[in-house]
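The sequence shown begins at 1 in our numbering and counts up one residue at a time.
No residue lacks a Cβ here, since even glycine has one placed at the ideal position from N, Cα and C.
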Amino acid sequence: MSKHLAFVSVPAYGHVNPTLPLVEELVARGHRVSYATGSELLPAVREAGATPVELPWDFDVSKIVGRGFGADGSRAAAMMTKLIESSRVCLPVLVEHFGDDRPDAVCHDGMSFVGSALADKIDVPAVALIPSFASNKHFDLRSKMRGSAGADAASAVLAEVQAALKAFAADNGLSERFAVFGQEPTAGLKVAFIPRSFQFAGETFDDTFRFIGPSLGSRAHSDEWSPPADGSPVLFISLGTVFNDRPEFFAMCVEAFGGSPWHVVMSIGAAVDPASLGAIPSNFEVGSRFPQPAVLGHARAFVSHTGMNSTMEALYQAVPLIAVPQMGEQVLNAERAEELGCGRKLDPETLTADLLRDTVSQVADDETIRANLARVSRELRACGGATEGAEAIEAYLGELTATSNTVSRPSSSSH
Numbered sequence: 001m002s003k004h005l006a007f008v009s010v011p012a013y014g015h016v017n018p019t020l021p022l023v024e025e026l027v028a029r030g031h032r033v034s035y036a037t038g039s040e041l042l043p044a045v046r047e048a049g050a051t052p053v054e055l056p057w058d059f060d061v062s063k064i065v066g067r068g069f070g071a072d073g074s075r076a077a078a079m080m081t082k083l084i085e086s087s088r089v090c091l092p093v094l095v096e097h098f099g100d101d102r103p104d105a106v107c108h109d110g111m112s113f114v115g116s117a118l119a120d121k122i123d124v125p126a127v128a129l130i131p132s133f134a135s136n137k138h139f140d141l142r143s144k145m146r147g148s149a150g151a152d153a154a155s156a157v158l159a160e161v162q163a164a165l166k167a168f169a170a171d172n173g174l175s176e177r178f179a180v181f182g183q184e185p186t187a188g189l190k191v192a193f194i195p196r197s198f199q200f201a202g203e204t205f206d207d208t209f210r211f212i213g214p215s216l217g218s219r220a221h222s223d224e225w226s227p228p229a230d231g232s233p234v235l236f237i238s239l240g241t242v243f244n245d246r247p248e249f250f251a252m253c254v255e256a257f258g259g260s261p262w263h264v265v266m267s268i269g270a271a272v273d274p275a276s277l278g279a280i281p282s283n284f285e286v287g288s289r290f291p292q293p294a295v296l297g298h299a300r301a302f303v304s305h306t307g308m309n310s311t312m313e314a315l316y317q318a319v320p321l322i323a324v325p326q327m328g329e330q331v332l333n334a335e336r337a338e339e340l341g342c343g344r345k346l347d348p349e350t351l352t353a354d355l356l357r358d359t360v361s362q363v364a365d366d367e368t369i370r371a372n373l374a375r376v377s378r379e380l381r382a383c384g385g386a387t388e389g390a391e392a393i394e395a396y397l398g399e400l401t402a403t404s405n406t407v408s409r410p411s412s413s414s415h
């Protein structure tokens, strides 16, 4: 039976993009999908087949945290409290929109307080969508990220966020569970867009977690990019869409690879002025954005911030990673990729042009890394992807319907 599914996400490419193949699959199966997020992401949502619902997000993580979360965790606290403030504005919009068009389930981004709040407020099942590492009692992503700030700073951050969350829950008549920050998602189904083999402590997660792996979906084919006709090896450089205001880093890349045998494709984001990088060498393509899956399909190496979406796309296409993580979560992604023998992690604070050039050459030519990448790529391609995700959601809602019918069915015994 066709269902109406409400997707809700923070307005960030790294959170929305992994879900779009799942949306495409659900729509192809005859379900109706409404997708609520910020205005910038709505064209991609519409292209995936969902009905876009614009939310008045006042939330730009890059402007809040700037160059990372900070050693004292203050910028992390600012980000989370700003997210809760934005949720206050967005929740009434969602409740009004879906009041007359009630969904059968709310599929919400794991970072989206407002998505889980909507499910609680209108009393429908929730499905948590997890674009990064999942958390349980054995592995807690937020604790790992807070750990780098020190115990005292971490406690202060946690207290500040929990206070804001408790007030949000009380003001909106939400369940007490909303006052607890950092716990395992309470949704009956959790869909993670990474393979279980990449997840820290993956064997400890129960069957309510479905590790479906990445799906490139139509993004893999919709954007065309052609490699150089002379057959030069392609090096892709990108710091993603959030923490990319790094003109000094991109200038270092020009110094490291200008005039080299590499054909360098460098995505510098919208904040960096290409003129600030000086003369661009003839072996460089520089732009604010490139079709990443298409470029990675031809790349021999990838200098990356190791956001999870970028990490999964690189591993899927067996491209060696040279990681220059920009914040805590990306550090964990880089460490995990390095543990699996799929690349090398560098410290952005001590990085030099010579070290970057040498590391790229070593990693690109390392046969052990290439063998590891081939194995991991096979694992990712064997994941169920969007098909498994859609089947899991259908089965979950089917079980809930069957349980509800059993409970509500009157007894057939005679008196």
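Per DSSP, the bridge partner or partners of residue i
i: residue 51; result: 34
i: residue 303; result: 237, 322
i: residue 130; result: 192
i: residue 229; result: Answer is none; residue 229 lacks a bridge partner.
i: residue 108; result: 8, 128
i: residue 263; result: 234
Endpoints, alpha helix (DSSP H) assigned at residue i
i: residue 308; result: 308–316
i: residue 345; result: Segment 343–345 is the beta strand (DSSP E) holding residue 345; no alpha helix (DSSP H) there.
i: residue 22; result: 20–28
i: residue 15; result: 13–16
i: residue 374; result: 367–382
i: residue 252; result: 247–257
i: residue 117; result: 113–122
i: residue 175; result: Premise fails: residue 175 is in no alpha helix (DSSP H) and is neither H nor E.
i: residue 357; result: 353–364
i: residue 338; result: 328–339
i: residue 294; result: 292–296
Delimiting residues of the beta strand (DSSP E) encompassing residue i
i: residue 284; result: 284–287
i: residue 5; result: 4–8
i: residue 211; result: 209–211
Selected residue, minimal CA-CA separation from residue i, among the options
i: residue 249; options: 350, 387, 194, 283; result: 350
i: residue 20; options: 129, 156, 291; result: 129
i: residue 30; options: 399, 394, 269; result: 394
i: residue 343; options: 354, 380, 372; result: 372
i: residue 298; options: 224, 359, 93; result: 224
i: residue 127; options: 189, 134, 114; result: 189
i: residue 88; options: 102, 115, 23; result: 115
i: residue 104; options: 93, 110, 112, 118; result: 118
i: residue 192; options: 386, 289, 396, 58; result: 386
i: residue 234; options: 268, 285, 196, 243; result: 285
i: residue 377; options: 214, 226, 256; result: 214
i: residue 252; options: 242, 227, 281; result: 281
i: residue 102; options: 86, 125, 244, 292; result: 125
i: residue 205; options: 258, 295, 133, 159; result: 133
i: residue 370; options: 341, 402, 332; result: 341
i: residue 232; options: 245, 246, 247, 257; result: 257
i: residue 417; options: 7, 108, 288, 245; result: Because residue 417 is not part of the residues shown, which for the chain are 1 to 415, the question remains open.
i: residue 418; options: 162, 160, 255, 80; result: The shown model of the chain, from 1 to 415, leaves out residue 418, and the question about it has no answer.
i: residue 332; options: 141, 161, 23; result: 141
i: residue 244; options: 271, 226, 400; result: 271
i: residue 347; options: 161, 339, 330, 51; result: 330
i: residue 3; options: 42, 14, 107, 292; result: 107
i: residue 25; options: 113, 361, 230, 216; result: 216
Cβ-based burial, residue i [other Cβ within 10 Å; buried from 16]
i: residue 1; result: exposed
i: residue 121; result: buried
i: residue 150; result: In this prediction, residue 150 scores a pLDDT of 49, lower than 50, which makes its location untrustworthy; the coordinate-derived value is nonetheless stated afterwards. By the neighbour-count rule (16 or more Cβ atoms within 10 Å), residue 150 is not buried but exposed.
i: residue 336; result: buried
i: residue 12; result: buried
i: residue 334; result: buried
i: residue 137; result: exposed
i: residue 311; result: buried
i: residue 411; result: Confidence at residue 411 is low in this model, with a pLDDT of 44, below 50, so the placement of that residue should be treated as unreliable; the coordinate-derived value is given next. Per the 10 Å Cβ criterion, exposed.
i: residue 86; result: buried
Contact test: residue i Cβ vs the ligand PLP heavy atom, cutoff 8 Å
i: residue 39; result: Ligands are entirely absent from the displayed structure, and the ligand PLP is therefore not among its contents.
Residue i at chain D interface by Cβ criterion, 9 Å
i: residue 336; result: Note that chain D does not occur in the displayed structure, where there is just one protein chain.
TODO: Evaluate the contact criterion for the region 299–314 versus the region 231–241: three or more CB pairs, one atom per stretch, below 8 Å.
DONE: With a cut-off of 8 Å on Cβ pairs, the region 299–314 is in contact with the region 231–241, counting three or more such pairs.
Task: Sufficient close CB pairs (3 or more, under 8 Å) joining the region 167–174 to the region 354–361 - done: Not touching, per the Cβ criterion.
Open item on the list: Contact between the region 94–111 and the region 22–38 is defined here as three or more beta-carbon pairs at a separation below 8 Å; is this criterion met?
Closed with: The region 94–111 vs the region 22–38: in contact.
Open item on the list: Contact between the region 385–392 and the region 209–216 is defined here as three or more beta-carbon pairs at a separation below 8 Å; is this criterion met?
Closed with: Counting C-beta pairs closer than 8 Å gives three or more between the region 385–392 and the region 209–216, which meets the contact rule.
Task: the region 320–335 touching the region 255–262, judged by at least three CB pairs closer than 8 Å - done: Look at the beta carbons and you see the region 320–335 not touching the region 255–262: under three pairs across the two are nearer than 8 Å.
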